[in-house]
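Once you know that position 32 of the sequence shown is 32 in the numbering used here, the rest is easy, because the numbers rise by one and skip nothing.
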Amino acid sequence: MRTMTKANLVKRIKKQRERQKLSTVKAAQAAGIAQSTWWSIEAGKQDASWDTVFQMASGVGLKIAVSCSAD
């Protein structure tokens, strides 16, 4: 398992959306968020919460695992 930043995960989500030939409208609908929010996050105009990024990943069919460890 590898560690991802939000920015890297958003890039991966965008690539997955494009592979599936989904518009931002369709992807946002599948994720349950506004299309304007989706576009702003993909364009780097808006910082997203982890919850929103996880919703976006789900909207394009990516499965995300969260791991926590004590230092």
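C-beta atoms are modelled at their ideal positions from N, C-alpha and C, and glycine is treated no differently.
Item                                                                              : Value
N-terminal and C-terminal residue of the alpha helix (DSSP H) that M56 is part of : 50-59
With 16 other Cβ atoms within 10 Å as the buried cut-off, status of V25           : exposed
Length of the line joining the Cα atoms of A57 and A70                            : 26 Å
Chain D within 8 Å of V10, Cβ atoms only                                          : Considering every chain present, this structure includes no chain D. It has just one protein chain.
CA-to-CA distance, A65 to E18, given in whole angstroms                           : 22 Å
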